[in-house]
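Chain order of the listed sequences is A and E. Numbered per our numbering, the first sequence spans residues 150 to 498. Numbered per our numbering, the second sequence spans residues 425 to 634. Following: one structure in structure tokens, then a few remarks.
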Amino acid sequence: MGDTKKKWFSLNLNRSKSDASCSCGKNETEGNCESKDGYSQVLDVDMSRRSAFKKMTAGLLIGAGAVSSSCSVTKSDDGKEMSQIEWDEYFKGNYKLMTDEDKTNTVDRLTRSYELRTGKSLSMSDKDAEEDVLFGYAFNISKCQGYMDCVNACVEENNQDRDSQMQYIRIHEMKDGKGFNFEEADDNYYHEVPAAGHFYMGTQCFHCDNPPCVEVCPVQATWKEKDGIVVIDYDWCVGCRYCMAACPYDGRRFNWKTPQVPEEEVNKNQHYLGNRLRKKGVMEKCTFCIQRTREGQNPACVEACPTGARTFGNLLDPQSNIRWILDNKKVFRLKEDLGTEPKFWYYMD
Amino acid sequence: MIQMTTKIIGKVMAIALCVSVLSCKGDHEHKYHTIKDKIEAETVSYSGDLSSDVYNETTKTVPVMEEDGTFLIPDRKSQMTSFNCTECHSEPLKSLKEQQVGKKAHWDIKLVHADVKTMNCATCHTGNDMDNLHSLTDQQIDFNYSYKLCSQCHQREFKDWKGGAHGKQLGGWAPPRVSNTCVNCHNPHTPAFEKRWPVRYNTEKVKERK
Numbered sequence: 150m151g152d153t154k155k156k157w158f159s160l161n162l163n164r165s166k167s168d169a170s171c172s173c174g175k176n177e178t179e180g181n182c183e184s185k186d187g188y189s190q191v192l193d194v195d196m197s198r199r200s201a202f203k204k205m206t207a208g209l210l211i212g213a214g215a216v217s218s219s220c221s222v223t224k225s226d227d228g229k230e231m232s233q234i235e236w237d238e239y240f241k242g243n244y245k246l247m248t249d250e251d252k253t254n255t256v257d258r259l260t261r262s263y264e265l266r267t268g269k270s271l272s273m274s275d276k277d278a279e280e281d282v283l284f285g286y287a288f289n290i291s292k293c294q295g296y297m298d299c300v301n302a303c304v305e306e307n308n309q310d311r312d313s314q315m316q317y318i319r320i321h322e323m324k325d326g327k328g329f330n331f332e333e334a335d336d337n338y339y340h341e342v343p344a345a346g347h348f349y350m351g352t353q354c355f356h357c358d359n360p361p362c363v364e365v366c367p368v369q370a371t372w373k374e375k376d377g378i379v380v381i382d383y384d385w386c387v388g389c390r391y392c393m394a395a396c397p398y399d400g401r402r403f404n405w406k407t408p409q410v411p412e413e414e415v416n417k418n419q420h421y422l423g424n425r426l427r428k429k430g431v432m433e434k435c436t437f438c439i440q441r442t443r444e445g446q447n448p449a450c451v452e453a454c455p456t457g458a459r460t461f462g463n464l465l466d467p468q469s470n471i472r473w474i475l476d477n478k479k480v481f482r483l484k485e486d487l488g489t490e491p492k493f494w495y496y497m498d
Numbered sequence: 425m426i427q428m429t430t431k432i433i434g435k436v437m438a439i440a441l442c443v444s445v446l447s448c449k450g451d452h453e454h455k456y457h458t459i460k461d462k463i464e465a466e467t468v469s470y471s472g473d474l475s476s477d478v479y480n481e482t483t484k485t486v487p488v489m490e491e492d493g494t495f496l497i498p499d500r501k502s503q504m505t506s507f508n509c510t511e512c513h514s515e516p517l518k519s520l521k522e523q524q525v526g527k528k529a530h531w532d533i534k535l536v537h538a539d540v541k542t543m544n545c546a547t548c549h550t551g552n553d554m555d556n557l558h559s560l561t562d563q564q565i566d567f568n569y570s571y572k573l574c575s576q577c578h579q580r581e582f583k584d585w586k587g588g589a590h591g592k593q594l595g596g597w598a599p600p601r602v603s604n605t606c607v608n609c610h611n612p613h614t615p616a617f618e619k620r621w622p623v624r625y626n627t628e629k630v631k632e633r634k
């Protein structure tokens, strides 16, 4: 790490012709390419003079804040620690490229920062994907009655903004005999359910095996994990919403405002890639409740469903319920012809 | 001159072809044509550390052994408020009926399950052995294994339930599998789900966008 120890002290803009040919993210096979830390990811990029100045200004604003507060005699220790955390968080790297130590550090910083701001503690995990696990989901259209218990559970579990109606799951009320006609589906029903002559189906992020949202992300802030979950690094997302446009399933959501969750309702069991508190201007979506499923538990929607319409499991395990469904029921997926390979199957009794 | 041009065009096209073939990216990423191929090729019984046991600690369970495999269902008898039934049903139903003392028991039970031609109380309950149920052929069935009663008619649901397509898995996806049994979701006397209001308004976002 000799060369990267410089961190932010030497900018070395546009002059370093070091062996940066390795495009990171695909460097597992090429052993000699050392992973870049956040400072070098931010600063070691070839850039024009103009964009360099832009970035320097943005960085300086944070830096000035940090310097002024760390040198200030009037500011409390907590304030100084907070500035240090903000400084380190600003320069941290893409989660995908972090070493295990980096991951622990950022999780510690985020936990500490929450503690400093609210006085409450939370637990945040950075648990990696399990071996021999590929997550998949099945939805029984015959069983869903449109009760919406799943949506409530999801909002509470995943710390979604309470007043902008941020919801990962949509339940569509469809007329019998019309097929899957999303144009004519009622997504805003409010009457006793199930309504006669209708059926209900839910959509959310399908965690495609060939996800178009990942392809279009200009900063690689979203990717598919080894266990098949498509995740977002909320701190690397620039909020361009290309992924939202690329998703054929309306699976992604954007934070138009700073999400507000009452302190007493915050779910303190969090994962870096999952339900940790988001900020304004970043994407979010269903993560198959990564904070639960990586611990062996079912997602909140599956647990909340009173009809058993939702099944979650390990696609690779021949003994799992989801495998039995795929092998024995007549399953289908939405827009299969697009080749996105969603890991979310529908079936009927 | 024309020959030269066609040669050049040919060369350019050949190079373009090479480039497009070579740049076919992510060979290991796109090893499989479909997700189904991937699942089949990488199938392996889960042998990791994760377990659903922690999430089902408070649920007392009994094992189900059917030909499709074994799993657990919640114990029923410990959940029934007035089990054993023989605490009251010490004599045959007929003599109890004749006594007519005090408030009627089970006054709130309505049988809305098939019709009277097909079923009545005695189709499942055994008059002279109230602590057990019985099958159509008078074989004794334990209250914990009441699914054996249901499956006499509901064969297709039974098959789906054993496999995991009907009903609900409790706790987690990780083994061991604990699934609700029929009576955990369906009241055996009125098995249909009732109409009710959704627990929340659906999102207005989609409406706004239109």
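Even for Gly, the Cβ is constructed at its ideal location relative to N, Cα and C. Since the structure is predicted, the reported quantities are computational estimates derived from the model, not experimental observations.
Using C-beta distances below 8 Å, list every residue in its chain close to residue i, excluding the 5 sequence neighbours before and after it, in chain order.
i        : result
Arg601/E : Ser476, Phe495, Leu496, Gly588 and Gln593
Cys529/E : Reading off the sequence, residue 529/E comes out as Ala, not Cys. Result list for Ala529/E: Cys512, in chain order.
Phe284/A : His356, Asp376, Gly377, Ile378, Phe437, Thr442, Phe461, Gly462, Asn463, Leu464 and Lys492
Terminal residues of the continuous beta strand (DSSP E) containing residue i?
i        : result
Gln419/A : Asn418 to His420
Leu496/E : Gly493 to Pro498
Arg443/A : Premise fails: Arg443/A is in no beta strand (DSSP E) and is neither H nor E.
Tyr495/A : Phe493 to Tyr496
Ser274/A : Ser272 to Ser274
Trp372/A : Thr371 to Lys373
Assign residue i to one of three DSSP states: helix, strand, or coil.
i        : result
Tyr479/E : helix
Pro361/A : helix
Tyr239/A : helix
Asn608/E : helix
Ser603/E : strand
Asn289/A : strand
Met504/E : coil
Tyr349/A : strand
Phe403/A : strand
Arg311/A : coil
Thr485/E : strand
Met554/E : coil
Gln579/E : helix
Asn181/A : Confidence is the limiting factor: at Asn181/A the pLDDT is only 47, short of 50, which leaves the residue's position unreliable, though a coordinate-based value still follows. Residue state, collapsed to three classes: coil.
For residue i, which residues in the same chain have their Cβ closer than 6 Å to its Cβ, ignoring the five residues on either side in sequence?
i        : result
Leu517/E : Gly551
Val480/A : Trp494 and Tyr496
Thr483/E : Pro498
Ser262/A : Ile234
Ser469/A : Gly462 and Asn463
Over what stretch of residues does the alpha helix (DSSP H) that includes residue i continue unbroken?
i        : result
Arg319/A : Element bounds for Arg319/A: not the alpha helix (DSSP H) but the beta strand (DSSP E), Arg319 to Lys324.
Gly462/A : Not the alpha helix (DSSP H): Gly462/A falls in the beta strand (DSSP E), residues Arg459 to Asn463.
Lys521/E : Leu517 to Gln523
Met393/A : Tyr391 to Ala395
Lys460/E : Ile459 to Glu466
Val451/A : Ala449 to Ala453
Lys572/E : Tyr571 to Cys574
Do residue i and residue j have their CB atoms nearer than 8 Å?
i        : j        : result
Arg500/E : Val300/A : no
Lys292/A : Ala449/A : no
Cys574/E : Cys606/E : yes
Glu264/A : Ser272/A : no
Arg402/A : Glu433/A : yes
Val431/A : Cys386/A : yes
Pro622/E : His537/E : no
Asp325/A : Gly346/A : yes
Leu557/E : Phe567/E : yes
Gln369/A : Lys245/A : yes
Arg620/E : Tyr296/A : yes
Gly472/E : Glu279/A : yes
Tyr383/A : Arg427/A : yes
Val256/A : Tyr421/A : yes
Trp372/A : Val365/A : no
Asp584/E : Asp476/A : no
List the whole-angstrom C-beta distance separating residue i from residue j, where the pair is believed to meet the contact cut-off of C-beta under 8 Å.
i        : j        : result
Gln419/A : Tyr349/A : With a Cβ gap of about 31 Å, Gln419/A and Tyr349/A do not count as contacting.
Gly445/A : Ala598/E : 3 Å
Asp336/A : Asn626/E : 6 Å
Cys435/A : Cys354/A : 4 Å
Tyr317/A : Asn308/A : No, Tyr317/A and Asn308/A are not in contact; Cβ-Cβ is about 12 Å, not under 8 Å.
Pro467/A : Ser469/E : 6 Å
Which residues in the same chain as residue i place their Cβ atom closer than 7 Å to its Cβ, once the five residues preceding and following it in sequence are excluded?
i        : result
Phe329/A : Met323
Arg258/A : Ile234, Asp237 and Glu238
Lys175/A : Reliability fails at Lys175/A, whose pLDDT of 42 lies under 50, so the model's placement of it is uncertain and no value is given.
Thr456/A : Lys292, Cys293 and Gln294
Asp555/E : Asn508, Cys509 and Thr510
Which residues, in chain order, does the stretch 351-380 of chain A contribute to contact with chain C at a C-beta distance below 7 Å? Although the question refers to chain C, the structure presented lacks it and instead comprises the protein chains A and E.
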